[in-house]
Amino acid sequence: MDISSKAPNDVDIRVSWETHKFRMKLVNPANRRKYHVIVVGTGLAGASAAATLGEHGYNVSAFCFQDSPRRAHSIAAQGGINAAKNYQNDGDSVWRLFYDTVKGGDFRAREANVYRLAEVSVNIIDQATAQGVPFAREYGGTLANRSFGGAQVSRTFYARGQTGQQLLLGAYSALERQVQAGKVKMYARTEMLDLVVDNGRAVGIVVRNLETGAVTTHAADAVVLATGGYGNVFYLSTNAKGSNVTATWRAHRRGAAFGNPCFTQIHPTCIPVAGSYQSKLTLMSESLRNDGRVWVPKKAEDCGKRPDQVAEADRDYYLERKYPSFGNLCPRDIASRAAKQVCDDGRGVGPKVDGASRGVYLDFADAIKRLGKNTVEERYGNLFEMYERITGEDPYAVPMRMYPAVHYAMGGLWVDYNLQGTIPGLFVIGEANFSDHGANRLGASALMQGLADGYFVLPFTLPNYLAGVKAGVVDGKSAAFQAAEIEAKARIEKLLAVKGKRTVDSFHRELGTLMWEKCGMARTREGLTELLGEIPRIRAEFWENVTVTGSEGGLNQALERAGRVADYLEFAETMALDALTREESCGGHFREEYQDEGEAKRDDANFCHASAWEFTGVGQKPVLHKEPLEFKNVHLATRNYK
Amino acid sequence: MKITLQVWRQADKSSAGNFESYTLDSVSEHMSFLEMLDVLNEELSVQGKEPVAFEHDCREGICGSCGFVINGRPHGPNPKTTVCQLHMRSFKDGDQLVLEPFRAAAFPVIKDLVVDRSALDRIIQHGGYVSVNTGNPQDANALLVSKDDSDKAMDAAACIGCGACVAACPNASGSLFTSAKISHLALLPQGQPERERRVVAMLEQHDAEGFGPCSQHGECEVACPKGIKLTNIARMNGDYLWAQLLGSPRVGGSADGG
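Chains as they are written, first to last, in this note's numbering: chain A, 20 to 661; chain B, 2 to 259.
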């Protein structure tokens, strides 16, 4: 398996993308219309890629499982998007964003990719503004910025607490424009079930029309996956209910290496679990940590008191205490772990669920005193409203209660510098790839990466691949297509034929609870070993005892979920194995054995690499390939936010 | 608490539907409305019965997937709240709730509470964008936009495309949805070059999809979970009139795809 990065390491990193762009092949405008590209997923990465490829003249087929491309989960991103514009003149630069991102990712990302991301970040803001994205503005008419975790400059652009929505609607409208122009054919309510690989090339997909139930195949000259992350392997997460690993896992089964699956981000500020019926968790934007102060009582016996009855001197503003220079704005992995520690310490607040209070306060009393209620309302009004709707508590009067929750997958399909996976012709963009964030993603960088990949990277690297293959030679009726379609149909029949006693959700919940306990915020060798014993048991029971109601024809939401959970039950094992194999702590991956008084302890001598796993069969140990990571520009150092 | 549901069940687009009654005995007030339906669906699945199909995804009130009618009100009784953000504390023990899909000729029922809202995408396809290709536009700060205009544009751009406005309207008009996109772009300098063309093309498509006309009932504004204002419809109508006075721009055919 070839996992060479193909990054232009022979030149100065500052000119590496420019150099690479020049070295790549082009497709002449008259030939572009001969090529057909499949894009799966219509979030920021998928919609921006499909629109841009359509603008260039390629024929694009775009797919999403939602009823409209505008509903992809990028829409839920709240806080903002980073860009090295230095509009605030506060010392920002492409180099600093690059540096912050490499450091924030705990030195487990590929330098050249991160530099390119920082470099094109500025174009994204210009492009989105040209589309009419209503970013927040100052009275003088210029764009406004705010600060986000892991940075000491204000480089985050935002549209109230709905930045993801506005950026996605920008990309969606560009996509719909190409639909109208006839360059993109949009297939909504259509879920990818498998990747078709023929003669070693990715040449198509198998899909199910979720409305009619029809299973069909689509052929193309290249396939782009923009299908998001796998956070729902934990059942409870901030991801949308439909977010799933199926597209990337199926591609993995067909030969695409999976990169760093154990790198998942636990977001520190989410609304705590309220009961056993909980179906998902709701994130409260990291931007709240700009003005909110995080605390718990110093003494466990004060935890049952109303927060206003805990005297100032009896409060532990633990982030400010432990990390005075970054304070409440330290990176997400650090803030999450610190919240877990104080709750494990018995100092959590809020109602008890399963016998324990798991929550910390995020308090705006000081901000309201300093800025006035109006300013706080202007900055965070919609978030406060959302909090009140969910919890029934008024955050202007009582502090919010927060607890970490699964939020983002830094891991994903392994890709080279061209965003191509280990199967030629398979490109992976946005959260679906193992991306530029290393072991921890900084706030407001997911939107940046999704749009960078879709607007400004893939439209250069994909043609480089297409220029090397003949257009229109893919035979959509070949044996590979027929076999993949038969296999996908057989799997659906198998799911419906089990007719057992347990619901799909009960299996998903069981898997998720175990994953959270053993492979969540803190991981141990024993826990992960146990987990690796449990997952095959749950998977076996699933295939013997799951009940999937309804039939294969027509809309069947239980069947949709069953297919996704079946894939999670395979994926989880690789994720746990990756966590077990990586015997160090870095970023969001915290192995209790490897720590320095609660801080992650990296092992650069043995683990300064990206792990790319090769599939060998369900329940069989995958083969590990290591892509060494070199840090020539940002030197390896222990992260210090103190 | 105990809740009785009368739920619209319809197998597919061509079948006739009917109401089925379900009773849930131990509903927690902290549950969201959709979590209550999850519990119902788990029970139905265990009994081997088909669960109630309803649309949902983010469950954070932003994706616009969810939405059905509760006791005659799209998204239920709470102002500016999608049904996924509605919690059972808004109801009381013994309540009887009637759940129906959004009803409109332009929104055919696919199954149970799920409707086909693709007509909204097609309205956007007819001009709900600024025709600018990805490339190297000018520096974002070279274009100054007053904060007031920008804020008003954002108010309109906050539309989530859920279709509640259509379900609430006695004419099943899509005017609030259409006017939100038209206003968002009409309030910004970026939207000016195509302003007249856009309003004519989008409204023609709106009518072609079978949405009714606006007769200013204002039910849409009440039902809108994002607080989109009726003034957007006034702006749209004004722009439409202006475009007609100037001479209707040529619309239809293929947009300039670049």
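Cβ atoms here follow ideal geometry from the backbone N, Cα and C, with glycine treated the same way.
Since the model is a prediction, treat every value here as computed from it, not as a measurement.
Span of the beta strand (DSSP E) around B/Thr5: B/Thr5 -> beta strand (DSSP E) spans Ile4 to Arg10.
Boundaries of the alpha helix (DSSP H) in which B/Phe69 is found, first to last residue: Premise fails: B/Phe69 is in no alpha helix (DSSP H) and is neither H nor E.
Backbone CA spacing between A/Val234 and A/Trp535 [nearest angstrom]: One C-alpha to the other measures close to 34 Å.
Sheet register partners of A/Met686 (DSSP bridge): Nothing about residue 686 of chain A can be reported from this structure: the residues present for chain A run from 20 to 661 only.
Partners in chain B for A/Lys299, counting only beta-carbon separations shorter than 7 Å: At a C-beta separation below 7 Å, A/Lys299 has these neighbours in chain B: Arg60.
Beta-carbon neighbours of A/Glu579, restricted to chain B and to distances below 9 Å: Neighbours of A/Glu579 on chain B: none; closest Cβ ~11 Å, over 9 Å.
is_contact[A/Pro291, chain B] using C-beta, thresh 8 Å: By this cut-off, A/Pro291 is not an interface position.
Among A/Glu37, A/Val313 and A/Val56, nearest to A/Asp385 - alpha-carbon criterion: Nearest C-alpha to A/Asp385: A/Val313.
Outcome for A/Asn309 when other beta-carbon atoms lying within 10 angstroms are tallied against a minimum of 16: Taking every protein chain shown into account, the CB of A/Asn309 has 16 or more other CB atoms within 10 angstroms, so this residue is buried.
is_contact[A/Tyr474, chain B] using C-beta, thresh 8 Å: Cβ-Cβ to chain B under 8 Å: yes for A/Tyr474.
Pick from A/Tyr336, A/Gly400, A/Ala559 and A/Ile100 that is closest to A/Ile144, judged by C-alpha positions: Among A/Tyr336, A/Gly400, A/Ala559 and A/Ile100, the Cα nearest to that of A/Ile144 is on A/Ile100.
Same chain, Cβ closer than 8 Å to A/Phe526, neighbours up to 5 away in sequence not counted: Excluding residues within five positions, the ones whose Cβ falls inside 8 Å are Ile557, Glu560, Phe561, Val565, Val584 and Leu588.
Exposure of A/Ala624, with buried meaning 16 or more beta-carbon neighbours within 10 Å: Around the Cβ of A/Ala624, a 10 Å sphere holds fewer than 16 other Cβ atoms; the residue is exposed.
B/Ser176 at chain A interface by Cβ criterion, 8 Å: No, B/Ser176 does not count as interfacial toward chain A.
Cα-Cα separation, A/Leu300 to A/Asp494: Whole-angstrom Cα-Cα distance: 44 Å.
Cβ shell of A/Pro48 (< 6 Å), same chain only, five flanking positions each side left out: Correct list, in chain order: Gly76.
Under 8 Å by beta carbon: chain B residues contacting A/Gln576: What A/Gln576 touches in chain B: Pro52 and Ala54.
Straight-line gap, A/Leu347 to A/Asn108 (C-alpha atoms, nearest Å): Checking the displayed sequence, the identity of residue 347 of chain A turns out to be Asn instead of Leu. The alpha-carbon atoms of A/Asn347 and A/Asn108 are separated by roughly 23 Å.
Assigned secondary structure, B/Ala256 (DSSP; H/G/I helix, E/B strand, else coil): Because B/Ala256 carries a pLDDT of 43, less than 50, the predicted location of this residue cannot be relied on, and the following value inherits that uncertainty. It is coil, neither helix nor strand.
Status (buried if at least 16 other CB within 10 Å, exposed otherwise) for A/Asp363: Exposed.
Helix, strand or coil at B/Cys64 according to DSSP, with G and I counted as helix: Secondary structure at B/Cys64: coil, using DSSP grouped into helix, strand and coil.
Test: B/Thr5 CB closer than 8 Å to a CB of chain A: No, its Cβ sits nowhere closer than 8 Å to a Cβ of chain A.
Reduced DSSP secondary structure (H/G/I, E/B, other) of B/His31: In the displayed model, B/His31 falls within coil according to three-state DSSP, outside both helix and strand.
Length of the line joining the Cα atoms of B/Asp152 and A/Ala656: Taking the Cα positions, B/Asp152 is about 43 Å away from A/Ala656.
Nonlocal neighbours in the same chain, by C-beta distance under 8 Å from B/Asp257, ignoring five residues either side: Because the pLDDT of B/Asp257 is 44, which lies under 50, any placement of that residue in the model is unreliable, and the number read from its coordinates should be weighed accordingly. Answer for B/Asp257: Ser132, listed in chain order.
Helix, strand or coil at A/Arg156 [DSSP, three-state]: DSSP places A/Arg156 in strand when its eight states are reduced to three.
Three-state secondary structure assigned by DSSP to A/Ala81: The DSSP-derived three-state label of A/Ala81 is strand.
A/Pro350 beta carbon less than 8 Å from that of A/Gly168: For A/Gly168 and A/Pro350, yes; Cβs fall inside 8 Å.
Cβ-based neighbour list, B/Gly175, same chain, cut-off 6 Å, excluding 5 preceding and 5 following: Counting only Cβ-Cβ distances below 6 Å, and skipping sequence neighbours, we find Val167, His207 and Phe212.
C-beta atoms of A/Asn459 and A/Gly638 nearer than 8 Å: Contact check for A/Asn459 against A/Gly638 fails: the beta carbons are separated by 8 Å or more.
Residue-chain proximity (B/Ser255, chain A), Cβ-Cβ < 8 Å: Low per-residue confidence applies at B/Ser255: pLDDT is 45, beneath 50, and the placement is therefore not dependable, though the value from the model is reported in the following sentence. At a cut-off of 8 Å, the C-beta of B/Ser255 has a neighbouring C-beta in chain A.
Identified DSSP bridge partners for A/Tyr427: Under DSSP, A/Tyr427 shares a beta bridge with A/Gln284.
Burial state of B/Ser255, where buried means 16 or more other Cβ atoms lie within 10 Å: Note that B/Ser255 scores a pLDDT of 45, beneath 50, so its modelled location is shaky; the value from the coordinates is reported in the next line. B/Ser255 should be labelled exposed.
Counted within 10 angstroms of its Cβ, other Cβ atoms place B/Met203 as buried (16 or more) or exposed: Around the beta-carbon of B/Met203, 16 or more other beta-carbon atoms lie within 10 Å, marking it buried.
Neighbour list for B/Val8 in chain A, Cβ cutoff strictly below 7 Å: For B/Val8, there are no neighbours in chain A by C-beta distance under 7 Å, as the nearest C-beta there is about 15 Å away.
is_contact[B/Gly258, chain A] using C-beta, thresh 8 Å: Interpretation of B/Gly258 is limited by its pLDDT of 38, a score under 50 that renders its predicted location unreliable; the figure taken from the coordinates is listed afterwards. True, the Cβ-Cβ gap to chain A drops below 8 Å.
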